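First comes the structure, then the notes that go with it.
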Amino acid sequence: MRNTDLPSDFIREIVDEDVKAGKNEGKVVTRFPPEPNGYLHIGHAKSICLNFGVASEYQGGICHLRFDDTNPCAEEERYVESIREDVKWLGFDWQGNLFFASDYFDKLYEFAVELIKKGKAFVCDLSSDQIREYRGSPPAPGRESPYRDRSIEENLALFERMRRGEFDEGERVLRAKIDMASSNIHMRDPVIYRILKVSHHRTADKWKVYPMYDFAHCLSDAVEGITHSICTLEFEVHRPLYEWILAQLDVPCHPRQIEFARLNLSYTVMSKRKLLELVNGGVVAGWDDPRMPTLAGMRRRGFTPASIRNFCSRIGVTKYDGMTDVALLEHSAREDLNKSAERRMAVLNPLRLVITNYPEDATEEVEAVNNPEAPEAGTRRVPFSRVLYIEQDDFMEEPPKKFHRLYPGNEVRLKYAYIVKCTDVVKDESGRVIEVRCTYDPETRSGGAGAARKVKGTIHWVSAAHAFDTQVRLYDRLFTVEDPTDTEGDWKEFLNPESLEVLETCKLEPALSGAAAGERVQFERVGYFCVDAVDSSPGRPVFNRIVSLKDRWAKLAGKR
RNA sequence: UGUCCGAUGGUGUAAUGGUAGCACAAAGCCCUUUGGAGGCUUUGGUCUAGGUUCGAAUCCUAGUCGGACAGCCA
7 MRNTDLPSDF IREIVDEDVK AGKNEGKVVT RFPPEPNGYL HIGHAKSICL NFGVASEYQG
67 GICHLRFDDT NPCAEEERYV ESIREDVKWL GFDWQGNLFF ASDYFDKLYE FAVELIKKGK
127 AFVCDLSSDQ IREYRGSPPA PGRESPYRDR SIEENLALFE RMRRGEFDEG ERVLRAKIDM
187 ASSNIHMRDP VIYRILKVSH HRTADKWKVY PMYDFAHCLS DAVEGITHSI CTLEFEVHRP
247 LYEWILAQLD VPCHPRQIEF ARLNLSYTVM SKRKLLELVN GGVVAGWDDP RMPTLAGMRR
307 RGFTPASIRN FCSRIGVTKY DGMTDVALLE HSAREDLNKS AERRMAVLNP LRLVITNYPE
367 DATEEVEAVN NPEAPEAGTR RVPFSRVLYI EQDDFMEEPP KKFHRLYPGN EVRLKYAYIV
427 KCTDVVKDES GRVIEVRCTY DPETRSGGAG AARKVKGTIH WVSAAHAFDT QVRLYDRLFT
487 VEDPTDTEGD WKEFLNPESL EVLETCKLEP ALSGAAAGER VQFERVGYFC VDAVDSSPGR
547 PVFNRIVSLK DRWAKLAGKR
């Protein structure tokens with residue numbers, strides 16, 4: 007039985023009731039059934055967390071990974087591999103229960119034959135246009151196909167000839183014989199097998215006929231002993247057909263289909279088609295572009311699997327088709343990274359700072375805490391010298407009120423080092439400040455005698471002679487509006503031109519030079535960053551911003 | 001248009017006929033060698049109209065609004 011302390015939702019309640027009622031001998035078997043025709047995205051993560059999550063909460067519960075590969079036109083082996091990788095990366099284990107709908111093609115064919123023998127399916131010669139026309143529209147009943155009353159023998163013979171490839175694509179289909187007057191379009195003699203003379207990524211050229219989703223899915227579920235078949239809302243209207251098919255045939259079990267609302271995330275798009283359009287249109291660099299809501303993109307960006315899982319549990323599961331604020335995802339990322347990411351200093355937009363009373367050629371090392379949230383992460387030594395870089399944002403010649411950073415005459419602490427006072431600035435011909443000159447107070451070194459002295463601001467820095475240069479990419483939301491598909495005109499008009507900012511001359515503390523691909527750190531006072539696995543090279547890690555730190559000053563300054 | 005589904009603060013959710021709560025966001029304060037993190041406080045909600053009931057977010061009826069469906073896609 008499920009632990010009642012765990013968060014629940016309407017699906018878990020249904021499963022609970024079924025278990026209590028002793029259905030399926032109290033077993034819980036779910037499945038995650040992707041079609042291998044594209045990459046997984048954060049919306050799939052919701053489904054993965056749900057299906058694997060529900061199963062894991064019951065004694066002996068399991069979740070299968072089943073590829074719904076019934077349409078060879080769109081499906082490819084490379085997608086199978088990326089999907090397996092993504093599910094594993096998210097932290098879930100199908101425990102050897104890896105299946106393909108194509109594993110069941112023989113069985114499915116036999117089920118179709120059984121249906122024909124029961125007089126519940128027929129071969130139809132109508133063209134697809136005619137079928138559409140005969141189907142009618144929802145308010146009015148459809149018309150029956152003239153081929154509907156063929157004899158069982160003829161249907162059997164024709165279906166066999168379809169299988170052998172004797173007909174062309176589109177020439178004939180197998181249809182379930184249900185009710186052309188049903189108010190549910192899906193019950194109006196739906197097509198359950200079509201001819202496709204296309205090579206399949208797993209069964210090669212063995213088959214010329216392939217089952218449709220509605221036929222294959224419920225029977226695959228039944229064959230695998232799935233107890234709860236959880237899917238998204240758009241399949242709700244398919245449920246009567248799911249039930250009908252299982253009721254006609256002799257199947258080992260009768261799974262229960264339950265629908266929930268798919269995830270909609272603000273400031274992005276989620277459909278495979280639109281995502282593909284972004285990739286093909288060159289709007290992003292690929293499926294794993296760090297701005298993409300794909301798991302491949304989010305992984306490359308640096309999101310942790312735990313933060314995605316936490317996000318999924320926070321958003322809950324309902325039948326309400328809403329829009330989740332991306333801020334919730336960002337919060338989940340910060341929450342996890344705050345605990346786990348070590349701190350480093352990096353200056354993204356460097357401004358030279360010279361300490362005029364500091365010895366010319368001296369270098370010393372100051373001790374820096376790796377993670378204030380995790381003392382066991384220890385400390386490191388950071389080189390300090392006369393010439394430093396600080397962030398351009400941390401200096402203003404004419405500061406507004408409440409600006410606690412550096413400006414002429416003001417003091418700030420250089421984190422882990424000394425308190426410095428700005429005495430002067432150097433400008434170029436255009437009047438831009440290109441160097442800040444300071445004096446330091448030797449007594450105020452961290453841990454030293456005068457260290458207790460309070461100043462309003464603390465800023466980060468790197469030593470110019472010791473820092474190394476690298477590229478840092480700042481990612482932002484892909485669109486400028488919450489729901490680009492909910493507007494007049496082309497959704498691509500709302501792409502955010504500032505979704506990517508590449509900074510080429512960032513100055514990073516030396517400890518960062520050995521950072522490995524995929525490593526995540528917090529750049530103090532800036533945000534969480536991840537070493538890009540593609541564009542980094544030994545000794546020169548390139549960083550992707552996962553998410554910025556909350557910035558109260560930016561908020562304050564923005565309001566002015 | 002017909003069927004099905006849904007509706008609780010700005011957003012996502014909880015309350016399963018009995019005190020409308022939580023998280024994010026927003027605002028304010030405290031703390032701070034990250035304007036980070038943390039702590040405290042505040043603002044703000046049951047789509048509408050009827051009905052059942054001692055009592056309704058919850059049950060019933062009608063309406064309003066939103067979504068799904070009319071592929072030989074899944």
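Offset between the first sequence (1-based) and our numbering: plus 6. All residues carry an ideal CB built from backbone N, CA and C; glycine is no exception. Computed from a prediction, not measured in an experiment: that's the story for all the values here.
Only residues of its own chain outside the window of five on either side were considered, and among them 75, 78, 81, 108, 212, 213 and 216 have a CB closer than 8 angstroms to the CB of residue 206, listed in chain order. Shown here for residue 307: same chain residues with a beta carbon closer than 6 angstroms to its own, the five before and five after excluded, namely 296, 550 and 552 in chain order. Excluding the 5 residues flanking it on each side, residue 312 has same chain C-beta neighbours closer than 6 angstroms at 342, in chain order. When the Cα atoms are used, residue 391 and residue 327 turn out to be separated by approximately 57 angstroms. For the alpha helix (DSSP H) assignment, the uninterrupted runs of no fewer than 4 residues enclosed by the segment 264–330 are, from N- to C-terminal side, 278–286, 301–307 and 311–321. Beta-bridge analysis with DSSP links residue 528 to 349 and 534. Within 10 angstroms of the beta-carbon of residue 16 lie fewer than 16 other beta-carbons, which makes it exposed. In the three-state reduction of the DSSP assignment, residue 564 falls in the helix class, which pools H, G and I. Distance check between residue 66 and each of 86, 56, 101 and 47 places 101 closest, using alpha-carbon atoms only. Ranked by Cα distance from residue 125, the options 135, 160 and 512 are led by 160. The Cβ atoms of residue 519 and residue 545 sit closer than 7 angstroms to each other. If you look at residue 127, you'll find it in the beta strand (DSSP E) that goes 127–130. DSSP places residue 197 inside the beta strand (DSSP E), whose first and last residues are 197–201. Rounded to the nearest whole angstrom, the C-alpha separation of residue 470 and residue 333 is 36 angstroms. Going by C-alpha positions, residue 331 is about 47 angstroms away from residue 127. No residue range can be given for residue 192, since it is assigned to no alpha helix (DSSP H) and is classified by DSSP as neither H nor E.
Around the beta-carbon of residue 203, fewer than 16 other beta-carbon atoms lie within 10 Å, marking it exposed.
The DSSP-derived three-state label of residue 475 is strand. Judged by DSSP in its simplified three-state form, residue 514 adopts strand. A Cβ-Cβ distance of about 5 angstroms is found for the pair residue 527 and residue 348, placing them in contact under the 8 angstroms criterion. Using a Cβ distance threshold of 7 angstroms, residue 91 and residue 8 do not count as a contacting pair.
In the structure shown, residue 334 falls within a helical segment according to DSSP collapsed to helix, strand and coil.
Judged by DSSP secondary structure, residue 179 falls within the beta strand (DSSP E) whose first and last residues are 179–182. Of all alpha-carbon atoms in 44, 511, 118 and 318, the one lying nearest the alpha-carbon of residue 55 is that of 318.
Secondary structure at residue 169: helix, using DSSP grouped into helix, strand and coil.
Across the set 368, 39 and 43, the C-alpha of 39 shows the shortest separation from the C-alpha of residue 103. When the Cα atoms are used, residue 166 and residue 140 turn out to be separated by approximately 25 angstroms. If you keep only unbroken beta strand (DSSP E) runs of at least 3 residues inside the segment 83–119, you get 104–106. Residue state for residue 374 is assigned as strand, using DSSP reduced to three classes. Taken atom to atom, the span from the alpha-carbon of residue 524 to that of residue 476 is near 16 angstroms. Secondary structure at residue 400: helix, using DSSP grouped into helix, strand and coil. Following the DSSP letters along the chain, one finds residue 52 inside the alpha helix (DSSP H) bounded by residues 48–62. Apart from the 5 residues on each side of it in sequence, residue 60 sits with its Cβ closer than 8 angstroms to the Cβ of 17, 18, 21, 34, 36, 67, 69, 234 and 236 in its chain, given in chain order. Here residue 316 is buried, its C-beta having at least 16 other C-beta atoms within 10 Å.
Around the beta carbon of residue 406, fewer than 16 other beta carbons lie within 10 angstroms, which makes this residue exposed.
In the three-state reduction of the DSSP assignment, residue 234 falls in the strand class, which pools E and B.
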